[in-house]
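Report on the following structure.
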Amino acid sequence: MLLGKLYYTWRRYFQWIFHRSIKYASGIKETPLPYLIASHSTPLYRRLRNVDMWLQQNKVTNLKLASVKIHGLILKPGETFSLWRLVGKPSKAKGFKEGMVLTNGSFCPGVGGGLCQLSNLIYWMAIHTPLTVTERWRHTHDVFPDSNRTQPFGSGATVVYNYVDLQIRNNTTQNYQLLLWISDSELHGEWRSEQLMTQKYEVYESDHLITHEWWGGYIRHNAIRRKVLDADNKQIGDEFITENHAIMMYEPMLPSMGETI
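Going by the working numbering, the sequence shown opens with residue 68, and the numbers climb by one from there.
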């Protein structure tokens with residue numbers, strides 16, 4: 068595992084430095100571009116079973132440090148957004164704290180933990196824009212039940228420094244801008260542009276399935292798609308985005324009528 072991590076980490080460094088076909092975005096502009104293309108907010112604190120609140124408090128610190136590195140980023144035509152290239156390696160020396168890190172279906176404290184909330188937010192907004200996601204990694208385990216879920220299962224993006232990254236390319240002819248900020252209770256984000264978007268996107272889940280595997284556990288499957296709507300809200304397309312397959316870490320079956328939850 069250690070040798071594999073070292074290999075993929077240094078391969079990513081090599082790509083950042085020598086891969087001339089990819090032009091990474093780095094320009095920052097404080098003034099927001101005029102047109103809002105997509106926005107979203109997610110709560111900073113959730114009551115999760117067997118998760119201490121100090122992990123979530125530390126996560127907020129990590130999110131603040133990472134968001135400052137990205138806020139106001141201008142993604143020009145032909146450029147690629149790379150989360151880790153902008154944020155850099157989370158370390159205690161930079162002020163990052165131990166937050167919750169998901170590993171093989173369980174969680175443990177880790178420096179920089181909780182930044183998946185940032186990648187989830189950016190990815191979810193990006194698939195509501197004409198931008199192209201060129202690298203996205205799905206979660207391999209479904210850890211928590213769908214309590215109060217507002218987005219389709221599997222509509223996020225996990226990250227691990229630096230070889231599990233989120234990368235988004237601007238294949239349009241206009242600049243896009245990514246804004247991120249944190250209030251008392253929520254992480255907020257926006258993709259903005261120089262021109263008003265003529266199309267809208269409606270992201271939805273399809274082909275949802277839970278399979279009982281031979282080894283006794285369950286795997287959850289689905290596909291994420293989006294409807295393309297014109298200015299009059301008429302559907303003009305339906306696009307495949309990605310598919311998900313995750314090992315379930317909780318019992319998926321509902322209790323029988325005589326049982327209590």
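Just so it is clear, CB atoms sit at the ideal spot from N, CA and C, and this is done for glycine as well.
> In terms of residues, what are the limits of the alpha helix (DSSP H) holding Tyr74?
Replying inline: Against the sequence shown, residue 74 aligns to sequence position 7. First-last of the alpha helix (DSSP H) with Tyr74: 69-85.
> Assuming Ile286 contacts His255 under a Cβ cut-off of 8 Å, what Cβ separation, rounded to an integer in Å, is found between them?
Replying inline: Position 219 of the sequence shown, counted from the first residue, corresponds to residue 286. Position 188 of the sequence shown, counted from the first residue, corresponds to residue 255. At roughly 34 Å, the Cβ-Cβ gap does not stay under 8 Å, so Ile286 and His255 are not in contact.
> Is DSSP giving Met120 helix, strand or coil here?
Replying inline: Residue mapping note: residue 120 aligns to position 53 of the sequence shown, counting from 1. In the structure shown, Met120 sits in a helix (DSSP, three-state: H, G or I).
> Which residues bound the alpha helix (DSSP H) around Arg152?
Replying inline: On the sequence shown, residue 152 is found 85 positions in, with the first residue counted as 1. Residues 150-154.
>> Assuming contact is defined by CB atoms lying nearer than 8 Å, are Glu306 and Arg293 in contact in what I supplied?
In response: Locating residue 306 in the sequence shown gives position 239, where the first residue counts as 1. Locating residue 293 in the sequence shown gives position 226, where the first residue counts as 1. Contact flag set, yes.
> Does the distance from the C-beta atom of Val226 to that of Leu150 stay below 8 Å?
Replying inline: By one-based count along the sequence shown, residue 226 stands at place 159. By one-based count along the sequence shown, residue 150 stands at place 83. Taking 8 Å as the Cβ cut-off, Val226 and Leu150 qualify as a contacting pair.
>> Once the 5 residues before and after Ile141 are set aside, which same chain residues still bring their CB inside 6 Å of it?
In response: Position 74 of the sequence shown, counting from 1, holds the residue named residue 141. The answer, listed in chain order, is Gly94, Lys96, Asn242, Gln244.
>> Do Ala224 and Tyr190 have their beta-carbon atoms positioned less than 8 Å apart in this structure?
In response: Sequence index remark: in the sequence shown, residue 190 carries index 123 (1-based). Sequence index remark: in the sequence shown, residue 224 carries index 157 (1-based). In contact: Tyr190 and Ala224 (Cβ atoms closer than 8 Å).
> Nearest-angstrom Cα distance between Thr357 and Lys90?
Replying inline: Past the edges of the chain, shown from 68 to 328, lies residue 357, and the structure says nothing about it.
>> Using DSSP's beta-bridge definition, name the partner residues of Leu103.
In response: As a position in the sequence shown, residue 103 is number 36, starting the count at 1. In the DSSP output, where bridge partners are listed per residue, Leu103 has Arg259.
>> Comparing C-alpha positions only, which one of Lys159, Cys183, Arg152 sits nearest to Trp83?
In response: As a position in the sequence shown, residue 83 is number 16, starting the count at 1. Per the Cα distances, Arg152.
>> Judging by CA-CA distance, which residue of Ile314, Asn237, Glu310 is the nearest neighbour of Thr201?
In response: Taking the first residue of the sequence shown as 1, we reach residue 201 at position 134. Cα-wise, what sits closest to Thr201 is Asn237.
> Roughly how many whole angstroms lie between the Cα atoms of Pro101 and Ser250?
Replying inline: By one-based count along the sequence shown, residue 101 stands at place 34. By one-based count along the sequence shown, residue 250 stands at place 183. In a straight line, the C-alpha of Pro101 is about 22 Å away from that of Ser250.
> Does DSSP classify Trp204 as helix, strand or coil?
Replying inline: Translated into positions along the sequence shown, residue 204 becomes position 137. Three-state result, Trp204: strand.
> Looking only at its own chain, which residues have a Cβ that is under 7 Å from the Cβ of Tyr317, when we skip the five neighbours before and after it?
Replying inline: Taking the sequence shown and counting its residues from 1, the one referred to as residue 317 is at position 250. Correct list, in chain order: Pro212.
> Can you give the beta carbon distance from Ile104 to Ser252, rounded, assuming they're within the 8 Å contact cut?
Replying inline: Residue mapping note: residue 104 aligns to position 37 of the sequence shown, counting from 1. Residue mapping note: residue 252 aligns to position 185 of the sequence shown, counting from 1. Not really, about 24 Å apart at Cβ, beyond 8 Å.
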